[in-house]
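**Student:** Residues in the sequence shown are numbered from 0 upward in steps of one, following numbering that gives the first Met the number 0.
Before I ask anything, here is the structure I am working with.
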Amino acid sequence: MQIAASTPATAFFPLIVLVIVSNGISFNVAAVLLMLLGTQWYVLFNVIAGTTAIPKDLRDMTDLLRFKGWNRWRKLILPALFPYLITGLITASGGAWNASIVAEYAEFGQQTYKVLGLGALISEATAKGDFGLLTAATLTMIVVVVVINRYFWRRLYRLAAERYTME
Numbered sequence: 000m001q002i003a004a005s006t007p008a009t010a011f012f013p014l015i016v017l018v019i020v021s022n023g024i025s026f027n028v029a030a031v032l033l034m035l036l037g038t039q040w041y042v043l044f045n046v047i048a049g050t051t052a053i054p055k056d057l058r059d060m061t062d063l064l065r066f067k068g069w070n071r072w073r074k075l076i077l078p079a080l081f082p083y084l085i086t087g088l089i090t091a092s093g094g095a096w097n098a099s100i101v102a103e104y105a106e107f108g109q110q111t112y113k114v115l116g117l118g119a120l121i122s123e124a125t126a127k128g129d130f131g132l133l134t135a136a137t138l139t140m141i142v143v144v145v146v147i148n149r150y151f152w153r154r155l156y157r158l159a160a161e162r163y164t165m166e
């Protein structure tokens with residue numbers, strides 16, 4: 000898994016674009032696939048870390064109490080994983096923003112593929128050398144990321160730290 004994760008998602012992008020476009024599927028699908036490829040590892044490795052961090056005493060206790068299936072997930076696994084999942088999702092959202100710059104705008108041969116998005120705007124401004132538009136788009140991305148971090152992720156992170164930390 001770590002070998003696959005060490006390969007940048009962008010390395011798969013030409014293949015994804017080729018398969019998607021040659022089959023007549025919208026370029027939007029390729030952009031979404033690349034962003035998902037660029038984020039999945041953050042979530043996966045954090046969830047694995049959270050799973051391994053569950054104390055053996057708690058696992059043994061749920062065995063003694065005969066918690067099985069959904070009840071075990073609801074009482075032990077999900078609360079234990081919540082802080083790790085939030086951390087993975089926060090880092091994955093940053094990875095998605097970065098991947099969007101590459102995923103939303105691509106030039107292959109004589110053809111340019113793009114979707115409507117801030118990443119495409121940044122890539123297109125870079126390709127054209129439009130530094131004013133590039134600066135404005137980058138500043139917009141920064142403001143959006145800060146607002147999302149402050150008003151969405153920070154609240155979830157605080158909830159994870161206050162309610163679901165196993166100390």
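Where a beta carbon is used, it is the ideal one built from N, C-alpha and C, also for glycine.
Since we're looking at a predicted model, the values are computed, not measured.
Out of Ala8, Met60 and Pro13, which one is the CA nearest neighbour of tyrosine 112?
**Tutor:** For the purposes of this step, residue 112 is taken as residue 113 along the sequence shown, with counting starting at 1. The candidate whose alpha carbon is nearest that of tyrosine 112 is Pro13.
**Student:** Answer with buried or exposed for valine 143, where buried requires no fewer than 16 other C-beta atoms within 10 angstroms of its C-beta.
**Tutor:** Here residue 143 refers to the residue found at position 144 when the sequence shown is read from its first residue. Valine 143 is exposed by the Cβ-count criterion.
**Student:** Evaluate contact between the stretch 27-41 and the stretch 72-83, counting only Cβ atoms and requiring at least three cross-stretch pairs below 8 Å.
**Tutor:** no
**Student:** Given a threshold of 16 other Cβ atoms within 10 Å of its Cβ, counted over all protein chains shown, does glycine 37 qualify as buried or as exposed?
**Tutor:** As a working mapping, residue 37 is identified with position 38 in the sequence shown. So glycine 37 ends up on the buried side.
**Student:** Select from Gly128, Tyr104 and Asp129 the residue whose C-alpha is nearest the C-alpha of leucine 117.
**Tutor:** Counted from its first residue, the sequence shown places residue 117 at position 118. The shortest C-alpha separation from leucine 117 is found at Tyr104.
**Student:** State buried or exposed for isoleucine 121, treating a residue as buried only when at least 16 other CB atoms are found within 10 Å of its CB.
**Tutor:** In the sequence shown, the residue the question calls residue 121 occupies position 122. Isoleucine 121 is buried by the Cβ-count criterion.
**Student:** Can you find the residues in the same chain that come closer than 8 Å, C-beta to C-beta, to valine 46, ignoring five residues on each side of it along the sequence?
**Tutor:** Working through the sequence shown from its first residue, we reach residue 46 at position 47. Closer than 8 Å at Cβ, skipping near neighbours: Leu80, Tyr83, Leu84 and Gly87.
**Student:** Select from Gly68, Arg153 and Asp56 the residue whose C-alpha is nearest the C-alpha of methionine 165.
**Tutor:** As a position in the sequence shown, residue 165 is number 166, starting the count at 1. Taking only the C-alpha atoms, the option nearest methionine 165 is Asp56.
**Student:** Given this structure, state the Cα-to-Cα distance separating arginine 162 from alanine 126, to the nearest angstrom.
**Tutor:** Walking along the sequence shown from the start, residue 162 turns up at place 163. Walking along the sequence shown from the start, residue 126 turns up at place 127. Computed Cα separation, rounded: 47 Å.
**Student:** Considering only their Cβ atoms, is the gap separating leucine 43 from alanine 8 smaller than 8 Å?
**Tutor:** By 1-based counting over the sequence shown, the position of residue 8 is 9. By 1-based counting over the sequence shown, the position of residue 43 is 44. Their beta carbons are not under 8 Å apart, which means alanine 8 does not touch leucine 43 by this criterion.
**Student:** Tell me whether lysine 55 sits in a helix, a strand or coil according to DSSP, three-state version.
**Tutor:** As a first step, residue 55 must be located in the sequence shown, where it is residue number 56. It is helical.
**Student:** By DSSP, does lysine 74 sit in helix, in strand, or in coil?
**Tutor:** As a first step, residue 74 must be located in the sequence shown, where it is residue number 75. Correct three-state label for lysine 74: helix.
**Student:** Taking tyrosine 41 and glycine 94 to be in contact with their CB atoms under 8 Å, please state how far apart those CB atoms are, rounded to whole angstroms.
**Tutor:** Against the sequence shown, residue 41 aligns to sequence position 42. Against the sequence shown, residue 94 aligns to sequence position 95. Right, the Cβ-Cβ distance comes to about 6 Å (below 8 Å), so this counts as a contact.
**Student:** Could you name the residues of the same chain whose beta carbon sits closer than 6 Å to that of alanine 91, not counting the 5 residues immediately before and after it, in chain order?
**Tutor:** Counting from 1 along the sequence shown, the entry for residue 91 is found at position 92. Taken in chain order, the residues that qualify are Thr38, Tyr41 and Val42.
**Student:** Taking its Cβ as the centre, do 16 or more other Cβ atoms sit within 10 Å of serine 99, making it buried, or is it exposed?
**Tutor:** Taking the sequence shown and counting its residues from 1, the one referred to as residue 99 is at position 100. Looking at its Cβ environment, which holds 16 or more other Cβ atoms inside 10 Å, serine 99 is buried.
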